[in-house]
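Heads up: the structure comes next, in structure tokens.
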Amino acid sequence: MSSQERRRYHTPGMTRQALSTSRWFPSGLSDTLTNKHHSQDFNFARSEYLHTRVMFVAMVFALLTPIWAMVDYFIIPGALYSNVLLARALMMGALTLVMLITRRSRISLDKVRHSVALLMLSPALFYLAVLLMLGDYQSHDLAGYSFIPFLLVAFLSVFPLTLLESFGIGMIILLLELISQYKGGLLLTPLGWQDLWLLCTLMAISLWANHSQVSTLMRLYRQASLDPLTGLLNRGVLLESLDQLIAKRKEDREDSGKAAPLTLLMLDLDRFKRINDTHGHSIGDQVLKSFASILRGELRESDIIARYGGEEFIIVLPGTPKSDAMGLAERIRHHCEKTRVYNHQGETVSFTTSIGIAELRGDEAIDAMLLRLDNRLYEAKARGRNCIVAT
Numbered sequence: 137m138s139s140q141e142r143r144r145y146h147t148p149g150m151t152r153q154a155l156s157t158s159r160w161f162p163s164g165l166s167d168t169l170t171n172k173h174h175s176q177d178f179n180f181a182r183s184e185y186l187h188t189r190v191m192f193v194a195m196v197f198a199l200l201t202p203i204w205a206m207v208d209y210f211i212i213p214g215a216l217y218s219n220v221l222l223a224r225a226l227m228m229g230a231l232t233l234v235m236l237i238t239r240r241s242r243i244s245l246d247k248v249r250h251s252v253a254l255l256m257l258s259p260a261l262f263y264l265a266v267l268l269m270l271g272d273y274q275s276h277d278l279a280g281y282s283f284i285p286f287l288l289v290a291f292l293s294v295f296p297l298t299l300l301e302s303f304g305i306g307m308i309i310l311l312l313e314l315i316s317q318y319k320g321g322l323l324l325t326p327l328g329w330q331d332l333w334l335l336c337t338l339m340a341i342s343l344w345a346n347h348s349q350v351s352t353l354m355r356l357y358r359q360a361s362l363d364p365l366t367g368l369l370n371r372g373v374l375l376e377s378l379d380q381l382i383a384k385r386k387e388d389r390e391d392s393g394k395a396a397p398l399t400l401l402m403l404d405l406d407r408f409k410r411i412n413d414t415h416g417h418s419i420g421d422q423v424l425k426s427f428a429s430i431l432r433g434e435l436r437e438s439d440i441i442a443r444y445g446g447e448e449f450i451i452v453l454p455g456t457p458k459s460d461a462m463g464l465a466e467r468i469r470h471h472c473e474k475t476r477v478y479n480h481q482g483e484t485v486s487f488t489t490s491i492g493i494a495e496l497r498g499d500e501a502i503d504a505m506l507l508r509l510d511n512r513l514y515e516a517k518a519r520g521r522n523c524i525v526a527t
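Per my numbering, residue 137 is the first one in the sequence shown, and the count goes up by one each step.
Spelled out as structure tokens, the structure:
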């Protein structure tokens, strides 16, 4: 991995680059503006929340569609009823597709976000089709349809979307309302301005709801996922993230026939008990923090670091084969050799690390992989410590 590729590791939910933008935005807004700086593990958590809500809203729309088709019989001109009914059938098909995609993609944030977009666009495109079909009947016969843009904006508040995601969908809905007003002769009229004001007000409320959901989700996630001393992920979140990564590899293999490699490193601070006994636990804590800082400095945003327990740490490298992980492990080992902390008397305290490396084999279970990883770390200890074992 080149020095350009070694980007600083993130705190859960937000990278260090995002932390530096906080002074430009109100508290929490830099977290919720975009997902550019969200960590991989937080994206997994958000995709779960989005998945549940997409399924709910899609089912609501799917249930209302055939019911409203009966109302169409009374408000749509007879010559156009069959065309509108066909448009409704196409929308039902799109909603069914949304539910199928979402059901299979609960751990893929990108796919779930695509489901949200398709879910919101399906009724919008149906409404646009009705606008174009009704023609001269527009001013009188859309009494049962003009609420659709307002309904879509209201449903937008249900999802924990970032502000840019929500704003993009909102702009599409606003454009739809402008087309509707143009077709109905309401554009730039007092009634038209009134509807636009109401729609923009609802959109502002939805954006605030989106911001609140994402910021609350992030705050709770950080509290539940961080090791309080090092600021790294804790063991529970690590194991959950591994489950999700392995499930995603299985999904990728089913979709494309191949899956990216997944390599793990287990690291242990050598003779850490001696450091605690000689210099005190407060200095031991400083060593742990310094070691965590070294790990952050060497890893990418897509990598995962966790404190596994005591002085043991695990690094997860998605998309990285074992051969490349060897170079990373050597840089970490060498960095530890050069790093010094100072005790209460100003004396230097050095530390080293032993590292075991293992790459996931096919459909290997997590427990089996962690056992192999632990055995390699044990072998590194047996070889005299301050070394790496990958075979």
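For every residue, glycine included, the Cβ atom is placed at its ideal position computed from N, Cα and C. As the structure is a computational prediction, the values presented were derived from the model and not from experiment.
* For Y281, three-class secondary structure by DSSP -> coil
* Asked: If you drop the 5 nearest sequence neighbours on each side, which residues of the same chain put their C-beta closer than 6 Å to that of T170?
  -> T298, L300
* To do: Could you round the C-beta distance between L528 and E495 to whole angstroms and report it? I think they count as a contact, below 8 Å.
  => Nothing can be reported for residue 528, as the shown portion of the chain is limited to 137 through 527.
* To do: From the DSSP output, in three-state form, read off V190 for me.
  => helix
* **Rounded Cβ spacing between V485 and H415 (contact assumed at less than 8 Å)** => 6 Å
* Inspect the beta-carbon positions of T366 and R443 and report whether they are closer than 8 Å. => yes
* **Buried/exposed call for S244, threshold 16 Cβ in 10 Å** => buried
* Around the Cβ of V207, are there at least 16 other Cβ atoms within 10 angstroms (buried) or fewer (exposed)? -> exposed
* How long is the line joining the alpha carbons of K458 and L403, rounded to whole angstroms? -> 15 Å
* **CB contact flag (V248, S241, <8 Å)** => yes
* With distances taken between CB atoms, is the gap from N511 to T488 smaller than 8 Å? -> no
* Asked: Which stretch, first to last residue, makes up the alpha helix (DSSP H) that contains T399?
  -> No alpha helix (DSSP H) holds T399; the beta strand (DSSP E) holding it covers 398-405.
* Extent of the continuous alpha helix (DSSP H) to which E434 belongs -> 417-434
* To do: Taking all protein chains shown into account, decide if S183 is buried (16 or more other Cβ within 10 angstroms of its Cβ) or exposed.
  => buried
* To do: Measure from the alpha carbon of K474 to the alpha carbon of each residue in E466, Q481, H480, then state which is nearest.
  => E466
* Is V452 closer than 8 Å to L400 when the C-beta atoms are compared? -> yes
* **Selection from L513, A526, F286 that minimises the alpha carbon distance to D460** => A526
* Which of helix, strand or coil does DSSP assign to A494? -> strand
* Please check the pair S361 and V289, which I expect to be a contact at CB under 8 Å, by giving their CB distance rounded to whole angstroms. => No, S361 and V289 are not in contact; Cβ-Cβ is about 33 Å, not under 8 Å.
* May I ask you to list the residues that DSSP assigns as paired with E581? => Absent from the structure is residue 581, since the part of the chain shown begins at 137 and ends at 527.
* **Under 8 Å between C-beta atoms of F197 and P259** => yes
* Using DSSP with H/G/I as helix, E/B as strand and the rest coil, what is I546? -> Because the chain is modelled from 137 through 527, residue 546 falls outside the range shown and cannot be assessed.
* To do: Compute the Euclidean distance between the alpha carbons of A395 and R385, then round it to the nearest angstrom.
  => 5 Å
* Comparing alpha-carbon positions, which option in L233, E437, A215 lies nearest V190? -> L233
* **Burial state of R497, where buried means 16 or more other Cβ atoms lie within 10 Å** => exposed
* Asked: Which two residues bound the contiguous alpha helix (DSSP H) that contains V266?
  -> 245-270
* Through-space distance from N219 to M269, alpha-carbon basis -> 8 Å
* Could you check if S418 is buried or exposed, using at least 16 other CB atoms within 10 Å of its CB as the buried criterion? => exposed
* Closest Cα partner of L327 within the set E313, Y209, K409, D413 -> E313
* Asked: Distance, Cα to Cα, H187 vs R519?
  -> 48 Å
* To do: Name the residue from L356, G320, M307 whose alpha carbon lies nearest to the alpha carbon of L335.
  => M307
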